[in-house]
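Everything below concerns the one structure shown next.
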Amino acid sequence: MTLRVKLFGPQARLAGRREIAVELPGPAPTCAELRDALARAAERLAPSLAASRFAVNQHYVRDDHPLREQDEIALIGMISGG
Amino acid sequence: MTLRVKLFGPQARLAGRREIAVELPGPAPTCAELRDALARAAERLAPSLAASRFAVNQHYVRDDHPLREQDEIALIGMISGG
Amino acid sequence: MDKTPSIEVRLVSGPVRAARGEDVPGVGAVVRFEGVVRPVEDGRPIEALEYEAYEPMTGRELTALAHRIADRHRLLAMRVVHSTGRVPAGAASFLLVVAAEHRGPAIRAIEEFIDRLKRDIPLWKVPVWAEGESPGADHVAHQPDHAGFA
Amino acid sequence: MDKTPSIEVRLVSGPVRAARGEDVPGVGAVVRFEGVVRPVEDGRPIEALEYEAYEPMTGRELTALAHRIADRHRLLAMRVVHSTGRVPAGAASFLLVVAAEHRGPAIRAIEEFIDRLKRDIPLWKVPVWAEGESPGADHVAHQPDHAGFA
Numbered sequence: 002m003t004l005r006v007k008l009f010g011p012q013a014r015l016a017g018r019r020e021i022a023v024e025l026p027g028p029a030p031t032c033a034e035l036r037d038a039l040a041r042a043a044e045r046l047a048p049s050l051a052a053s054r055f056a057v058n059q060h061y062v063r064d065d066h067p068l069r070e071q072d073e074i075a076l077i078g079m080i081s082g083g
Numbered sequence: 002m003t004l005r006v007k008l009f010g011p012q013a014r015l016a017g018r019r020e021i022a023v024e025l026p027g028p029a030p031t032c033a034e035l036r037d038a039l040a041r042a043a044e045r046l047a048p049s050l051a052a053s054r055f056a057v058n059q060h061y062v063r064d065d066h067p068l069r070e071q072d073e074i075a076l077i078g079m080i081s082g083g
Numbered sequence: 236m237d238k239t240p241s242i243e244v245r246l247v248s249g250p251v252r253a254a255r256g257e258d259v260p261g262v263g264a265v266v267r268f269e270g271v272v273r274p275v276e277d278g279r280p281i282e283a284l285e286y287e288a289y290e291p292m293t294g295r296e297l298t299a300l301a302h303r304i305a306d307r308h309r310l311l312a313m314r315v316v317h318s319t320g321r322v323p324a325g326a327a328s329f330l331l332v333v334a335a336e337h338r339g340p341a342i343r344a345i346e347e348f349i350d351r352l353k354r355d356i357p358l359w360k361v362p363v364w365a366e367g368e369s370p371g372a373d374h375v376a377h378q379p380d381h382a383g384f385a
Numbered sequence: 236m237d238k239t240p241s242i243e244v245r246l247v248s249g250p251v252r253a254a255r256g257e258d259v260p261g262v263g264a265v266v267r268f269e270g271v272v273r274p275v276e277d278g279r280p281i282e283a284l285e286y287e288a289y290e291p292m293t294g295r296e297l298t299a300l301a302h303r304i305a306d307r308h309r310l311l312a313m314r315v316v317h318s319t320g321r322v323p324a325g326a327a328s329f330l331l332v333v334a335a336e337h338r339g340p341a342i343r344a345i346e347e348f349i350d351r352l353k354r355d356i357p358l359w360k361v362p363v364w365a366e367g368e369s370p371g372a373d374h375v376a377h378q379p380d381h382a383g384f385a
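Residue numbers (our numbering), protein chains in the order written: chain A, 2 to 83; chain B, 2 to 83; chain C, 236 to 385; chain D, 236 to 385.
Listed below in structure tokens is the structure:
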């Protein structure tokens, strides 16, 4: 399935785009699998991925969270408010 | 000699006055001796004296500081700014 | 304190506060502390606190303390304002503003300044009890009212 | 920072700030934190920071955090304002005001809120380099300028 992941801030600059599409096999891939796929799809994101979290449909989820094609997925990393 | 000690805030209320005169023997009594004499001269001050300091001529001094009759002496205790 | 706190959260487009020409350059954190007179002292309602200083010693000691704290925490700016005389409940008697490059030193400077203030600076406060509240024997029994000292 | 800090100390007669009708009763300490955009990022001059949020998640997480901190420290009031978009150097991008009975919880609430903000809240900043500063390869090499995202 194709998952679309929103990018923000420095990670959007690193990837050169605000959204990235990733192909993942299986009916319900997890966030952990998405993380690995992102590192391959956008090399420049790789160093910041370990310290990043995912939000699915606007809520933080854990790495074992299963993903569906219609989910709104956001990569939340390199944050620094204040 | 006669020493005049300025009182402030709660200690002035406790003693019922803003200045108290204390008689002390000797040519150069110390602040420690003054403290003891104050406790006798104004019983209601006694509980707060151990945690009080003296200022002489507008500067904090130690307990062994020798006092002269013309000194401006202030009892600095029960302070609570802010 | 089982009341619900008043909470307001907003995202705004653009600055929360514009740049000010008079600011010291390089500031990253401004912390402002206001000490407010609470309406109760030792469990009894008060109208006000009456503050006393011992000038010029009080001002001199406050200034020396401000310099020590500013040096230790490498502050860029510091402002201290303290009341003397009568301050009604709900009003502020003390203002401390510090500016620093980073928030850690700014916050530590605030804490340390107030700790030192309460220990070392010749400043006193005396409660002015609310009307109808008779002064307790343990506080000002057979003492003249604070007004008698004015 | 070997400049002499700007230090001002004053004793004033009467309140430093008058009582305000709208205040929550019982307040003893009001602490206000302002986060200001510094003119340098990673050692290079910037013109501004560009803040991004992910709404409505950002506002919802900020509000939840405010309630958690207010409960834990028994605050009487809390106000949070954060910028999105461009904030020039010297301007404030973040304002946090807390009111509590005592200063300890107020100061701890400020510290804890900011720690959590930087760890948990979806907010990002991107430097807008000062004119004449070419972006370093380690930062934004062959990336479109942030304006390309607007």
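C-beta: ideal position from N, C-alpha, C; glycine also.
Assignment of residue 238/D by DSSP, reduced to helix, strand and coil, places it in the coil class.
Taking CB atoms only, residue 80/A has a neighbour in chain D less than 8 Å away. At a Cβ-Cβ threshold of 8 Å, residue 349/D and residue 296/D do not count as neighbours. Residue environment analysis places residue 287/D among the buried positions, since at least 16 neighbouring C-beta atoms fall within 10 angstroms of its C-beta. Remark: C-beta atoms of residue 73/B and residue 2/B do not approach each other more closely than 8 Å. Just so you know, the alpha carbons of residue 36/A and residue 324/C end up roughly 57 Å apart.
For residue 347/D, the enclosing alpha helix (DSSP H) covers residues 338-355. In the three-state reduction of the DSSP assignment, residue 320/D falls in the strand class, which pools E and B.
Where residue 49/A is concerned, there is no enclosing beta strand (DSSP E), although the alpha helix (DSSP H) around it starts and stops at 47-50. According to the DSSP assignment, residue 293/D belongs to no beta strand (DSSP E) but to the alpha helix (DSSP H) extending over 292-307.
DSSP places residue 270/C within a strand segment (E or B) once states are collapsed to three. By the beta-carbon neighbour count (other beta carbons within 10 angstroms, threshold 16), residue 239/C is exposed. Taking C-alpha positions only, residue 293/C is separated from residue 7/B by approximately 14 Å. Considering only beta carbons, the part of the region 342-368 of chain D lying closer than 7 Å to chain C consists of 342, 345, 346 and 349, in chain order.
Neighbours of residue 11/B in chain C, taken as residues at a C-beta separation under 7 Å, are given in chain order as 359 and 361. Under a criterion of Cβ atoms nearer than 7 Å, the residues of chain A adjacent to residue 287/D are, in order, 9 and 10. Straight-line measurement puts the Cα of residue 353/C at about 49 Å from the Cα of residue 48/A. For residue 83/B, the chain C residues whose Cβ falls inside 7 Å of its Cβ are 270, 329, 349, 352 and 353, in order along the chain. Residue pairing of residue 285/C in beta bridges, as defined by DSSP: 321/C and 361/C. Just so you know, the alpha carbons of residue 279/C and residue 80/B end up roughly 20 Å apart.
Cβ-Cβ distances below 7 Å link residue 322/D to 272, 283, 284, 286 and 328 in the same chain, with the five nearest sequence neighbours on each side left out; the list follows chain order. Listed along chain C, the residues sitting closer than 8 Å to residue 313/D by beta-carbon distance are 240, 241, 242 and 243. The beta carbon of residue 281/C sits closer than 7 Å to those of 274, 275, 324, 362, 363, 364 and 365, all from its chain and outside the five residues before and after it, given in chain order. If you look at residue 14/B, you'll find it in the alpha helix (DSSP H) that goes 10-16.
In chain order, 264, 265, 266, 308, 310, 333, 334 and 335 place their CB closer than 8 Å to the CB of residue 341/C, counting only its own chain and leaving out the 5 sequence neighbours on each side. In terms of beta-carbon proximity, residue 252/D lines the interface with chain C, with at least one pair separated by less than 8 Å. A distance of 8 Å or more separates the beta carbons of residue 254/D and residue 305/C. Between residue 300/D and residue 319/C, the C-beta spacing is not below 8 Å. When beta bridges are read from the DSSP output, residue 60/B appears opposite 57/B.
A straight-line Cα-Cα distance of about 10 Å links residue 18/B and residue 11/B. For residue 321/C, the residues of chain D that pass the 7 Å Cβ criterion are 249, in the order they occur in the chain. Counting along the chain, the unbroken alpha helix (DSSP H) around residue 39/A starts and ends at 32-42. Going by DSSP, residue 20/B is part of the beta strand (DSSP E) stretching over 20-24. For the pair residue 251/C and residue 330/D, the CB atoms are nearer than the 8 Å cut-off. For residue 29/A, no beta strand (DSSP E) encloses it, and the DSSP letter there is neither H nor E.
Of 33/B, 64/B and 43/B, the smallest CA-CA separation from residue 13/B is found for 43/B.
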